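**Q** My questions all concern the structure below.
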Amino acid sequence: MSGIREQVDVCVVGAGHAGCEAALACARMGLETVIFTVSVDSIALMPCNPNIGGSSKGHLVRELDALGGEMGKVIDQTFIQSKMLNVSKGPAVHSLRAQADKAEYSRAMRKVLENQAHLTIKQAEVVELLSVHTEASDTITSYRITGVKTYTGAIYESKAVILCTGTYLKARCLCGEAITHTGPNGLQAANELTDSLKALGIEMCRFKTGTPARMDKRSIDFSKMEEQFGDERVIPFSFSTDEESVQIDQVSCWLTYTNEKTHDIIRANLDRSPIYAGVIEGTGPRYCPSIEDKVVKFADKERHQVFIEPEGRHTNEMYVGGMSSSLPEDVQLAMYRTVPGLEHCKIVKNAYAIEYDCIKPDQLYPTLEFKRISGLFSAGQFNGSSGYEEAAAQGLIAGINAGCYIKGCEQIVLDRSQAYIGVLIDDLVTKENFEPYRMMTSRAEYRLLLRQDNADLRLRRIGYQVGLVTEEQYQYVCEKEQLIAKEMDRLRQVKVGANKEIQMFLNQKNSSSLKTAASLAELISRPELSYERIAEIDTDRPCLPKDVIEQININLKYDGYIKRQLKQVEQFQKIENKKIAPGLDYNEIKNLRLEARQKLQKFKPVSVGQASRISGVTPADISVLLVYMESHK
Amino acid sequence: MKTDTIAAIATAVSTSGIGIIRISGEDAIRTASRVYRAKNPQKNLMAVKSHTLHYGFIYDGDELIDEVMVAVMRSPNTYTKEDTVEIDCHGGILVMNQILNVLLKNGCRLAEPGEFTKRAFLNGRIDLSKAEAVMDIIHSKNEFALKASMKQLRGGVSDKVRSLRDRILSEIAYIEAALDDPEHISLEDYPASLEEKIFQMKNELKQMLDNADQGKLLKEGLQTVIVGKPNAGKSSLLNVLVGEDRAIVTSVAGTTRDVLEESIKLHGIGLNIIDTAGIRETEDEVEKIGVDKARSYAEMADLILYVVDSSRPLDEDDASVLEIITDKKVIVLLNKTDLAQVVSEEEIQQRLPAASIIRTSMKDNTGIDLFEDTIKTMFFGGEIAINDELYITNQRHKEALAEAYESMEMVLQSLAQKLPEDFYSIDLMSAYASLGRILGEEVGEALVNEIFSKFCMGK
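Chains as they are written, first to last, in our numbering: chain A, 1 to 633; chain B, 1 to 459.
Okay, structure coming up:
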């Protein structure tokens, strides 16, 4: 067959949230990039919930933005409701969540791709990876990627390939007994690529996820539900979005509940659920259980919350959050109609479960490059994660690192003390993962330092160094950093005496009076006071931007805890920075316990820190490893 | 590389002679100076010359602990190449223990097994060719500590720790679930109920710490293991020593299928006596487990009591026993003197040149006095001592309990300051991790599992 033959730098397979970020990063680094999708109309599709952000996911979007990613900017243009979650709790767990206008979001992202220099969009199914052998021994075969082949036989030669196939590989959708071999939303599945991956020795597994029904707004009785509003003052996701531009008219969501009737119908029809009937092979996530799962596993709960959320401004489709299901159509309708407000509901799209092929991510380096296939990177649900934000974050890192790989500069790895993105990727490539991985704040051990409010201070510099953050944006953060440091210094040095005027002021603010002189910093750290609240007695203060004041307040109020975590990070980084040579043969280290030897040989950790996090590797094994490394320098 | 400062007892833990406590690391001299007082109040360890010896006293606050000699050695000419202090004290277990505790209170961390050697190596003090040996030390000492750690806990203690840990985890899971899914799970009124639970748990930890100080937490004393082939009279020996029919004694070989333990005091010496199944080649599954256990107990014993049936010739099973115990402190009891004797003392002496040999008859109760005197002489003569690895494990458990207790204090402080809920879980997590060290369990995925199993979350 004589097909097209083209030469580019990077091929990105898939144009979901991971693929978009990966392709944009490569193109913006000046590399000729092609992004493949089975349908250009599905670029940046949100096939499940209509939100971006949420607890800890909001952090990911902020970090992505600080590094020069696109998701935050696009959602700022296309959201229809926004909320900062957990505001009554500590600053570390504040998290932004926005309702998206799904169609607008896809359109806006597609426009960004279309207008990006060095980036070409190509509607085609990739069926094969092209590669050459670089090393072959009895135990190990290594390859270098050379490009991809599409369904029509076209060959795209490239130096790197990034796989972001989402839920499309051998996808199968289940709605009761009705099973179709399609991707989400009835889109065409990709059935051939898996075989090519297996031929390269990539280990595959099968995961499952699900989505609830979409309903016609006109058939819902909202008077029986509680209205849920957005925040009065909206905070944007992106550090480069003008705050005034996001103060828009917002759309409401609605809250209702399931009841015993709902649960009875579900229980009576469990035998028709593909999961309980054993038809589903894939492993589903425990954090977003189907309504069947909730009813079975939490049998004593009398009701479950149901959120009715608009899918956009220009559609009547409403998302039924909390009730994903793979029950048959007739059971779904009966079950939904027991919920107050949904008595006469009409279903536009049925709920369904979807199964797909993905990889065991322990085959990847923390750079998201395959250990045995140089130039091949992967991101998103293909890596066994779940969620738009998790996908986008990996996409960006895979894109940056594919770019660095081609340019021959050092690839980036964010560690667990730098970013949630670092935690996400480290967990994926280091821990054994048995279900689609979702980000959670409890997974971040240094979360007091990894706040959504300081993502720019943590990560802008890295984004700038790889060329995704502009000089201007970078300079802004540098100045911000200086302003914070300078003002904190001043607040620690300026003392106020225990005089009458100060005591009166404190009294008025319900704050206990001073016995001796205190610094302004000490006053700010009191729970009832803040930088803003002591303005009256601090007349010589400079005029500072809001984001600087926010950092000062947090740093002073949680000083003790922050210092403790910084100390832990110092310990953590000591072994994290001890790199392990790539070719180390653990079978040579006789003093390692057998289990540790096997695990280390399998995971090939890049640092002693990563080695220490592999389950089955003890602190004693790490000591032995350190001694071995020292003696073989 | 900046390192923290570690301390440990460097000599065997015995009642005799002099004990040495070693401190190594950047703050070694500073920490020692905090607890050391010289006769001359002007003298400051921080200012003394390197490689000098100083007479003085160790204090815990205002309480005098011991009269000591302190050697101050500055980097790099020390064993670890770091600043090092060695405190020579009176060798008693109690005193060494107290001094170590004071040092831990003042900022040292208890050394990991083999850590001084590891540092010496990593700092280039030990020749590269010795790497193999260094790895051996770390490996074997840790294997040992790992095994010892669980065995040493008194019955009930590990259950208690496990239950505390579960309760802590369930609180963390609640907080974390609410943070992850604020729209489904509310934390209203939670701080008040948490405070009550924390008080309760803190009190329980306090009690365990008190118990630990009184030695009730762990089986202290000489780990004394009785070995021998089946039906040599091992269980009878245990019965004689304990004074009750604790072990089942029959004349059918292989009756003690598992391992029996008793703690006794003999002339003021604490003995933790472990009666093992007879060592012999066996096909019986249950008995096999017992025999494997016997081997592993024998490996970590301070003292072995080898009971020989002297009315039968030594056979293959005796050979397997001898193989296990050759490098150990052994008292051989040639038992069954009431029957015709076929095993001679010379025969045993040949294979175990260092062992004391005593002829006994458990049946007639002869030779027991001599046996008890032998233990006494060996102990007070310093010939046998409590295994320091076991001893370190004791310390480690105590340290972990103290840390958990402190974390609970921190939670109460955060509650008092009305800090947001996510701060509580930071310290609860530390407490959970500390207690996990006692059980040898990591944090791992336990929290995530707990969250998903208890709370219904998600879209």
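Cβ coordinates follow ideal geometry from the N, Cα and C atoms, glycine included.
Being a predicted model, the structure only gives us computed values, none of them experimental.
Determine the direct distance from the alpha carbon of L104 (chain B) to that of A10 (chain B), and round the result to whole angstroms.
**A** Taking the second sequence and counting its residues from 1, one reaches residue 10 (chain B) at position 10. Taking the second sequence and counting its residues from 1, one reaches residue 104 (chain B) at position 104. Rounded to the nearest angstrom, the two C-alpha atoms are 15 Å apart.
**Q** Quick check on K118 (chain B): buried or exposed, where buried means 16 or more other Cβ atoms within 10 Å of its Cβ?
**A** The residue given as residue 118 (chain B) occupies position 118 in the second sequence. Buried is the call here.
**Q** Let me know if I140 (chain A) comes out buried or exposed under the rule of 16 or more other beta-carbons within 10 Å of its beta-carbon.
**A** If you number the first sequence from 1, residue 140 (chain A) lands on position 140. Under this definition I140 (chain A) is an exposed residue.
**Q** For a minimum of 4 consecutive residues, which ranges assigned as the alpha helix (DSSP H) are wholly contained in the segment 398-458 of chain A?
**A** You should have 420-430.
**Q** For C26 (chain A) and G395 (chain A), which I take to be in contact (beta-carbon distance under 8 Å), what is that distance rounded to the nearest angstrom?
**A** Taking the first residue of the first sequence as 1, we reach residue 26 (chain A) at position 26. Taking the first residue of the first sequence as 1, we reach residue 395 (chain A) at position 395. Actually they are not in contact, since the Cβ atoms of C26 (chain A) and G395 (chain A) sit about 10 Å apart, beyond 8 Å.
**Q** Relative to the C-alpha of S417 (chain A), which candidate in A:P605, A:G380, A:A178 and A:R451 has its C-alpha closest?
**A** Your numbering for residue 417 (chain A) matches position 417 in the first sequence. Out of A:P605, A:G380, A:A178 and A:R451, A:R451 has the C-alpha closest to the C-alpha of S417 (chain A).
**Q** Please report how far the alpha carbon of V606 (chain A) lies from the alpha carbon of L600 (chain A), in whole angstroms.
**A** As a first step, residue 606 (chain A) must be located in the first sequence, where it is residue number 606. As a first step, residue 600 (chain A) must be located in the first sequence, where it is residue number 600. C-alpha separation (whole angstroms): 10 Å.
**Q** Tell me which residue opens and which closes the beta strand (DSSP E) that T209 (chain A) is part of.
**A** The count along the first sequence starts at 1 and reaches residue 209 (chain A) at position 209. M204 to D216 is the span of the beta strand (DSSP E), which, as asked, contains T209 (chain A).
**Q** Counting Cβ pairs, one atom from each stretch, are 3 or more of them under 8 Å apart for the segment 334-346 of chain A and the segment 567-586 of chain A?
**A** As far as the Cβ criterion goes, the segment 334-346 of chain A does not touch the segment 567-586 of chain A, which means the pair count is below three.
**Q** Would M440 (chain A) count as contacting chain B if we go by Cβ distances under 9 Å?
**A** The count along the first sequence starts at 1 and reaches residue 440 (chain A) at position 440. True, the Cβ-Cβ gap to chain B drops below 9 Å.
**Q** My output table needs one value for I87 (chain B): the three-state DSSP class, helix, strand or coil.
**A** Numbered from its first residue, the second sequence carries residue 87 (chain B) at position 87. It is a strand residue.
**Q** Of all the residues that make up the segment 117-133 of chain B, which are near chain A by a beta-carbon distance shorter than 8 Å?
**A** Against chain A - using a Cβ distance shorter than 8 Å - the residues of the segment 117-133 of chain B are K118, F121, L122, L128, A131 and E132.
**Q** Got a sec? Which residues, its chain only, sit under 7 Å from E311 (chain A) by beta carbon, not counting five neighbours each side?
**A** Translated into positions along the first sequence, residue 311 (chain A) becomes position 311. P50, K102, R214, E317, M318 and Y319.
**Q** Quick check: is the beta carbon of I589 (chain A) nearer than 9 Å to any beta carbon in chain B?
**A** Start at 1 with the first residue of the first sequence, and residue 589 (chain A) comes out as number 589. Output row for I589 (chain A): interface = yes.
**Q** Check whether chain A comes within 9 Å of A111 (chain B), counting only Cβ atoms and requiring the distance to be less than that.
**A** Position 111 of the second sequence, counting from 1, holds the residue named residue 111 (chain B). Not closer than 9 Å to any Cβ of chain A, the Cβ of A111 (chain B) fails to qualify, so no.
**Q** What is the rounded straight-line gap between the Cα of Q305 (chain A) and the Cα of L255 (chain A)?
**A** By one-based count along the first sequence, residue 305 (chain A) stands at place 305. By one-based count along the first sequence, residue 255 (chain A) stands at place 255. Each residue's Cα considered, the two are about 7 Å apart.
**Q** Below 8 Å, how does it come out for the segment 201-217 of chain A and the segment 21-39 of chain A: are there three or more Cβ pairs, yes or no?
**A** Judged by Cβ distances under 8 Å, the segment 201-217 of chain A makes no contact with the segment 21-39 of chain A, as fewer than three pairs qualify.
**Q** Find the residues of chain B that neighbour G90 (chain A), judging by a C-beta separation of less than 8 Å, and give them in chain order.
**A** The residue you call residue 90 (chain A) lines up with position 90 of the first sequence. The answer, in chain order, is L419, P420, E421, D422 and F423.
**Q** Would you say H17 (chain A) lies against chain B (beta-carbon separation less than 9 Å)?
**A** As a first step, residue 17 (chain A) is located in the first sequence; it is residue number 17 there, counting from the start. By this cut-off, H17 (chain A) is not an interface position.
**Q** Apart from the five residues on each side of it in sequence, which residues of its chain come closer than 8 Å, Cβ to Cβ, to V249 (chain B)?
**A** Translated into the one-based positions of the second sequence, residue 249 (chain B) becomes position 249. Low local confidence applies: a pLDDT of 49 at V249 (chain B) is under 50, so the model's placement there is unreliable, with the coordinate-based value given in what follows. Once the five neighbours on either side are set aside, the close Cβ partners of V249 (chain B) are S235, S236, N239 and T255.
**Q** Step through the CB atoms of chain A and report whether any lies within less than 9 Å of the CB of P182 (chain B).
**A** Taking the first residue of the second sequence as position 1, residue 182 (chain B) is located at position 182. Closer than 9 Å: yes.
**Q** Helix, strand or coil: how does DSSP classify R337 (chain A) here?
**A** For the purposes of this step, residue 337 (chain A) is identified with residue 337 of the first sequence, where counting begins at 1. It is coil, neither helix nor strand.
**Q** What's the gap between the Cα of N449 (chain B) and the Cα of N44 (chain B)?
**A** Working through the second sequence from its first residue, we reach residue 449 (chain B) at position 449. Working through the second sequence from its first residue, we reach residue 44 (chain B) at position 44. Their Cα atoms are separated by approximately 53 Å.
**Q** Does E445 (chain B) come out as helix, strand or coil in the three-state DSSP assignment?
**A** As a working mapping, residue 445 (chain B) is identified with position 445 in the second sequence. In this structure, E445 (chain B) counts as coil in the three-state DSSP scheme.
**Q** In chain order, what residues of the same chain have a beta carbon less than 6 Å from the beta carbon of L333 (chain B), not counting five sequence neighbours either side?
**A** By 1-based counting over the second sequence, the position of residue 333 (chain B) is 333. Here the set comprises V307, I358 and T360.
**Q** As an exercise, report each continuous alpha helix (DSSP H) stretch of at least 4 residues that is fully enclosed by the segment 360-441 of chain B, in chain order.
**A** The segment 360-441 of chain B contains these whole alpha helix (DSSP H) runs: 368-380, 388-416 and 421-439.
**Q** With a threshold of 6 Å on Cβ separation, who are the neighbours of I4 (chain A) within its own chain once the five nearest residues in sequence on each side are excluded?
**A** Residue 4 (chain A) sits at position 4 when you count from the first residue of the first sequence. These residues qualify, in order along the chain: A154.
**Q** Would DSSP call P230 (chain B) helix, strand or coil?
**A** For the purposes of this step, residue 230 (chain B) is taken as residue 230 along the second sequence, with counting starting at 1. Here P230 (chain B) sits in coil by DSSP.
**Q** Please work out which residues of its chain come closer than 7 Å, Cβ to Cβ, to R246 (chain B), disregarding the five sequence neighbours upstream and downstream, and give them in chain order.
**A** Locating residue 246 (chain B) in the second sequence gives position 246, where the first residue counts as 1. Confidence at R246 (chain B) is low in this model, with a pLDDT of 49, below 50, so the placement of that residue is unreliable and no value is reported for it.
**Q** Classify C409 (chain A): buried if its beta carbon has 16 or more other beta carbons within 10 angstroms, exposed otherwise.
**A** Walking along the first sequence from the start, residue 409 (chain A) turns up at place 409. Classification of C409 (chain A): exposed, given that the 10 Å Cβ count is below 16.
**Q** Would you list, in chain order, the members of the segment 603-626 of chain A that have their beta-carbon closer than 8 Å to a beta-carbon of chain B?
**A** Of all residues in the segment 603-626 of chain A, S615, T618, P619, A620, S623, V624 and L626 have a Cβ within less than 8 Å of some Cβ in chain B.
**Q** Does M408 (chain B) get closer than 9 Å to chain A when you measure Cβ to Cβ?
**A** In the second sequence, counting from the first residue as 1, residue 408 (chain B) sits at position 408. Not one chain A Cβ lies under 9 Å of M408 (chain B).
**Q** Output the distance between the C-alpha atoms of L419 (chain B) and K509 (chain A), rounded to the nearest integer angstrom.
**A** To locate residue 419 (chain B), count along the second sequence from 1; it is residue 419. To locate residue 509 (chain A), count along the first sequence from 1; it is residue 509. Cα to Cα, L419 (chain B) sits roughly 19 Å from K509 (chain A).
**Q** Report buried or exposed for A44 (chain A), applying the criterion of at least 16 other Cβ atoms within 10 angstroms of its Cβ.
**A** In the first sequence, counting from the first residue as 1, residue 44 (chain A) sits at position 44. By the neighbour-count rule (16 or more Cβ atoms within 10 Å), A44 (chain A) is buried.
**Q** On the premise that F307 (chain A) lies in contact with L96 (chain A), defined as a C-beta separation below 8 Å, what is that separation, rounded to the nearest angstrom?
**A** As a position in the first sequence, residue 96 (chain A) is number 96, starting the count at 1. As a position in the first sequence, residue 307 (chain A) is number 307, starting the count at 1. No, L96 (chain A) and F307 (chain A) are not in contact; Cβ-Cβ is about 17 Å, not under 8 Å.
**Q** Check the Cβ of M135 (chain B) against every Cβ in chain A and list those closer than 7 Å, keeping chain order.
**A** Start at 1 with the first residue of the second sequence, and residue 135 (chain B) comes out as number 135. Ordered by position in chain A, the residues that pass the 7 Å Cβ test against M135 (chain B) are N591, V624, V627 and Y628.
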